[in-house]
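Participant: Before I ask anything, here is the structure I am working with.
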Amino acid sequence: MKVTMMKKTIYTGIMALLLAAGTGFTSCTFEDDDYFDESASLRIQNFNDSVQSTLVNSDYGWVMQYFTGTQNYHFEGFNLFAKFEDSGKVLIAGDHRYLRDGNANTYTEDESTYSMLEEDGPVLAFNTWNDVLTVFADPVNPFYAPNTLVNDGAGMNGDYNYDIASYSENEVNLLGERYQGPVRMIKCTMPWADYISQTTALKNYVANTSITNYYIICGTDTLYFSGLRGGRIRYSERTVDPLQNDSVACCFTPNGFHLSEELTIGETTFQDFTLAEDSTMLVSEDGAVQCMAMWDYYIANRTTLWAFDQTLFTTAMTEAFQAINDALKDYNSNYELVRISLGKSTGGNSVTGVVLTFYTNANQTRTNTCGLSLDMAQTGFGQMSFTVPESPSMDQNLTSMSRRATNLPTAISNFSALIAGTYNMTPNNYFLPTGATYTSVDGSKTFALEYTE
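If you count the sequence shown from 1, you need to add 9 to reach the working numbering.
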């Protein structure tokens, strides 16, 4: 059962934050004393005692999904860890980038004190300096700490004191008294080092450095996320010239991520995502919203080379490959075709299309490339089309070689014609593809590409 206590002065704000948490909790304000046998003060005290008992009774302490106040949009979400004692001591740990004294991004622990206060409502106060936590509330410029004060004293919009909005056996929700930064504490079920390593592995899988954009899909509605890896997400209704770019912070978990606030797509709200069982996407708590990496855009971006898997060549493709190799040998008997790729050629006057990589010496230690244009377009989600131009363009290398190997451009065009059509793409990894299978929409043709450096 979730228990909720409200301070009247922040009742509206907290309710907006917590109503989506579901039913099954009680709430009260302290103006309605006639409805209770106990005084408001005693109710707060009993509530605080129960919260403290919950905080102390966790073998592995708590994960603090910490967000700075909503008035400051520069900062990501932070995973901190806390182990509370009945004595009023708390051990807090983290590895965030704002740790001082040379500890930035280094796992650090520090012990300080906490109190359960009785104000207009129940309050959890971190009342002595803690190297891991208090830097967020220090009124200094975090990039030049601790020597440069911020004029308004806001610092990172962190707080020392937190109103206790709700709690259950496994979750405690806090709200900063001054800057309203939400902190969700979830009971940790493993050693902190394991939580960190599993979270890092999940983050590196779903938010790598190559794919940075994501589809947020609910039925026919779509939003677009970017910047997930940095923990500060920008979202919009479209990727090109969006009408508005907003941002929200997030904390990664061992199996997904948690947003600092609820977002809405269509008429559906979402805040937490977990990795789907088949690892193809992340899904919201109720499964209604999917977060999918823009793997199709990544594969369709032809600034890099994706080589054909020759083991899947049809007989016609194998014959076309050999015809290209024969044309290369017409130019120089030492030349030998290594692979055919799609992408941007590296020769002078680069073209985007079919790119040949070939050996240029007899002992096959040096390679060169040349390219002939091919019209390639992303025609839908996970779909690509290939069309042979009426007058394909050649890069400088192919132009030079074709003066002697006059049949080389034709041989390449013949290969291009074999793959002309529209294809559905299936990646080998939905968050960082290193290859993809292309199956024509009518099912008559299939080929595969593999990423090459």
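Where a beta carbon is used, it is the ideal one built from N, C-alpha and C, also for glycine.
Helix or strand or just coil, what does DSSP make of R193?
Facilitator: Here R193 sits in strand by DSSP.
Participant: On the premise that L100 lies in contact with E118, defined as a C-beta separation below 8 Å, what is that separation, rounded to the nearest angstrom?
Facilitator: Going by Cβ atoms, the distance from E118 to L100 rounds to 6 Å, so yes, they are a contact pair.
Participant: How many Å lie between M434 and Y171 at the Cα?
Facilitator: Going from the Cα of M434 to the Cα of Y171 covers about 49 Å.
Participant: Whose C-alpha, out of S256, T277, G239, R238, is nearest the C-alpha of S245?
Facilitator: Comparing Cα-Cα distances from S245 to each of S256, T277, G239, R238, the minimum goes to S256.
Participant: Between which residues of its own chain and T446 is the CB-CB distance below 6 Å, once the five residues before and five after are set aside?
Facilitator: Closer than 6 Å at the Cβ level, and outside the excluded window around T446, lie T435, A457.
Participant: Within 10 angstroms of the Cβ of T32, are there 16 or more other Cβ atoms? Answer buried if so, exposed if not.
Facilitator: Residue confidence is low: T32 scores 32 on pLDDT, short of 50, so the model does not pin down where it sits. Its coordinate-derived value is still stated next. So T32 counts as exposed.
Participant: Check S382 in the structure and name its three-state DSSP category.
Facilitator: Strand at S382.
Participant: Could you tell me whether the stretch 329-340 touches the stretch 273-280, using the rule of 3 or more Cβ pairs below 8 Å?
Facilitator: No: the two stretches stay apart, fewer than three of their Cβ pairs being nearer than 8 Å.
Participant: Note the first and the last residue of the continuous alpha helix (DSSP H) segment covering F56.
Facilitator: Its alpha helix (DSSP H) spans residues 49-65.
Participant: Taking 7 Å as the limit between beta carbons, can you name the residues of its chain near I220, skipping five residues before and five after?
Facilitator: Excluding positions up to five away in sequence, the list reads A302, M303, W304, Y307, F440, L441.
Participant: When you compare each of N136, A134, L142 to A102 by their alpha carbons, which one comes out closest?
Facilitator: Measuring from the Cα of A102, the nearest candidate turns out to be L142.
Participant: Kindly indicate which residue of L183, A297, D281 has the alpha-carbon position closest to the one of T229.
Facilitator: Looking at the Cα atoms, A297 is the closest of the given residues.
Participant: By a C-beta neighbour count over all protein chains shown, 10 Å radius and 16 as the cutoff for buried, is S96 buried or exposed?
Facilitator: Exposed.
Participant: On the three-state DSSP scale, how would you describe T408?
Facilitator: Three-state result, T408: helix.
Participant: How would you label D42, buried or exposed, when you count the other beta carbons within 10 angstroms and need 16 or more for buried?
Facilitator: Because D42 sits at a pLDDT of 45, beneath the cut-off of 50, its placement in the model cannot be relied upon, and the point is left open.
Participant: Which residues in the same chain have their Cβ closer than 6 Å to the Cβ of T415, if we skip the five residues on either side of it in sequence?
Facilitator: So no residue of the chain qualifies.
Participant: Report the rounded CA-to-CA distance for T63 versus S177, giving the unit in angstroms.
Facilitator: So the two alpha carbons sit approximately 8 Å from each other.
Participant: So N166 packs on G239, CB below 8 Å; how close in whole Å?
Facilitator: About 18 Å; that fails the 8 Å criterion.
Participant: Hey, how far is the Cα of D281 from the Cα of N136?
Facilitator: So the alpha carbons of these two residues sit roughly 31 Å apart.
Participant: With a threshold of 8 Å on Cβ separation, who are the neighbours of D110 within its own chain once the five nearest residues in sequence on each side are excluded?
Facilitator: Excluding sequence neighbours, D110 sits near D140.
Participant: Using only the alpha-carbon positions, how far apart do P418 and S411 sit?
Facilitator: Cα to Cα, the separation comes out at about 7 Å.
Participant: Looking at the secondary structure, which residues open and close the alpha helix (DSSP H) in which I308 lies?
Facilitator: 304-309 is the span of the alpha helix (DSSP H), which, as asked, contains I308.
Participant: For the alpha helix (DSSP H) containing N334, name the first residue and the last one.
Facilitator: Start and end: 324-340.
Participant: Between Y224 and N264, what straight-line distance do the alpha-carbon atoms span, to the nearest angstrom?
Facilitator: In a straight line, the C-alpha of Y224 is about 18 Å away from that of N264.
Participant: For T313 versus G352, is the C-beta distance shorter than 8 Å?
Facilitator: Yes, these two residues count as a Cβ contact at 8 Å.
Participant: For the candidate residues K196, M290, F145, whose alpha-carbon lies nearest to that of F90?
Facilitator: Of K196, M290, F145, the residue nearest in Cα terms is K196.
Participant: Does G389 pass the burial test, meaning 16 or more other C-beta atoms within 10 Å, or should it be called exposed?
Facilitator: That one is exposed.
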